[in-house]
Every structure is written in structure tokens, then in C-alpha cells.
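Numbering (our numbering), first residue to last: 952 to 1208.
A virtual CB, placed ideally from N, CA and C, is assigned to each residue, including glycine.
Computed from a predicted model, the values in this text were never measured in an experiment.
What follows is one structure encoded as C-alpha cells, with my remarks underneath.
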């Protein structure tokens, strides 16, 4: 499959799955891994694909974001805009503190791991996400309706830290942010709204972090924008003589045309 069609499929998956309680980056990671990319490269590309939903989320929450920016004139006031601004700033900061180190750790771990080990780790994390989703469903059924203001500082930091954990492959961002809001007494509608409002800076950060942190996305992007791959015409070397790191950066059996 050409890199263009692979990118189109990844974009379609991102556009649909981002708004569901599953991990869109994991779905895209598995798509690129199935196409022959290493899990480390596929993981970075999965994060970059998150940036595709940024404009959609920005447009949908444009009124909330404009009100939050208006609260910057008096950031410590009790107005809805100022409270929303404090929520976004504190939660996004907590996401960065937790999420960026996890990104670096996962990127290097998946690069060094075998395909079997990577799939096993992702499977375990997907199982953990299913447990969180089950808890979220129970809380949703028992949540009381009612409007609440934007979360306070402590809840904002907790929600942001939980969102940072979603940098792990297999972990759903929405499940990790909606659940603590439900536990704090927010209605299902309010928890969903504040969760996806926080998704706006998170989507932007998910695309920017790989581009900024040690230029982590330079090599993955080079793989996608290069010409289509073909099978290596050379005979497969024995395990004893096989280099530990393929010169083309792809799984053994592939080479740059």
C-alpha cells in the first residue's frame, strides 16, 4: 500500500475514533505497524495524526474558548470564562508534566521491543482501558443531572494528570478524563463537555511534542513521505550476520527502493 493511501486511512480513522471512548492513536499505531513500520515509528505517527482533529475541536468549542480568552483580562475572577481559562491552563500543564516523559519512555521502549512484546504491552493497556470504561459507564448511569462550573485547581490538576497517562498506547484519553470528573460529582453531560474542551490543547500538543522533543518526528515523517517500499531483493541474512538495526529503519525484509 502506498504511503498516500496509508495516510488517508489513518486520517479517516482519526476523524471517527477521536470522539469515541477508545484510543485513536493506538488504532493508527496498529495500522502503521501492520503496514510494516516499526512500533516506535508507528507510535509517533499515531500521535501526529491526533493533530488532524484539532481544527474540528477548535471550531466546535470556539465560543467556550473565546470566553476563556476573555477571562484572561481578570484570570483570578469568579466569572465562567476565567474559571474555564484556569481549568485549561492547569490541566494542560499537568498533562505536559506527566505526558511528555511517558512519550519519551514509550517511544524508546517500543523502538527496542520486539513486535510480540509491543503487542502484548498494548493489549494489557487496552484491557486496562476497558476496565476504566466499564467504571465510567456505571458512573454515567448514576450521575445526577445539573450544571457545574469549570473544575477547581485540584480537580483540574487531577484531570490533566490523568490525560497525560493517555500518552500510553492503548489508553483512551476521553475515558481517563471523563471518569475523574464523574467521580467528583459532575453530570455526564458536563463531564463530557469539560473532557473534550480539554482535548483542544491536548490534540495540538500531541502533534507538536514529537516535532519538538529531540525532533522525534523527523524520521517517521521521512518514512511516510518517501516513495513506496518494495520487498528487499537481497537474500535474508542469517540471524548471526543480520545487523541489529536495519539500515532503512524498517522491519527486516524491507529496503528503500
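Taking 8 angstroms as the upper bound for CB-CB distance, residue 1147 and residue 1007 are not in contact here, some 10 angstroms apart.
With a contact defined as Cβ atoms closer than 8 angstroms, residue 1111 and residue 1042 qualify at about 3 angstroms. Here the stretch 958-977 does not lie against the stretch 1100-1109, with fewer than 3 beta-carbon pairs under 8 angstroms apart. Here DSSP, grouped into helix, strand and coil, assigns residue 973 to coil. Residue 1156 sits away from residue 1061, with the two beta carbons spaced by 8 angstroms or more.
With a 10 Å radius around the Cβ and a threshold of 16 neighbouring Cβ atoms, residue 1035 comes out buried. A distance below 8 angstroms separates the beta carbons of residue 1123 and residue 1080. Rounded to whole angstroms, the gap between the alpha carbons of residue 1130 and residue 1045 is 17 angstroms. When rounded, the separation of the alpha-carbon atoms in residue 1144 and residue 1127 is 14 angstroms. Residue range 1139-1163 is occupied by the alpha helix (DSSP H) that includes residue 1145. Between residue 1000 and residue 962, the beta carbon gap of about 7 angstroms places them in contact (Cβ cut-off 8 angstroms).
Distances from the CA of residue 953 to each of 1005, 983, 1099 were compared; the closest alpha carbon is that of 983.
Taken atom to atom, the span from the alpha-carbon of residue 1040 to that of residue 1072 is near 32 angstroms.
In the three-state reduction of the DSSP assignment, residue 1092 falls in the helix class. The shortest CA-to-CA distance from residue 1118 to any of 1031, 1070, 1048 is the one to 1048. Per the C-alpha coordinates, the member of 973, 964, 968, 965 positioned closest to residue 1083 is 973.
Rounded to whole angstroms, the Cβ separation of residue 1051 and residue 1164 is 7 angstroms, and the two are in contact under 8 angstroms. Straight-line measurement puts the Cα of residue 986 at about 42 angstroms from the Cα of residue 1037. C-alpha of residue 1101 to C-alpha of residue 1137: approximately 10 angstroms in a straight line.
Excluding sequence positions up to five before and after residue 1133, its CB lies within less than 8 angstroms of the CB of 1087, 1090, 1091, 1094, 1139, 1142, all in the same chain and listed in chain order. In this structure, the beta-carbon distance from residue 1114 to residue 1077 does not fall below 8 angstroms. DSSP places residue 989 in the coil class of the three-state scheme, outside both helix and strand.
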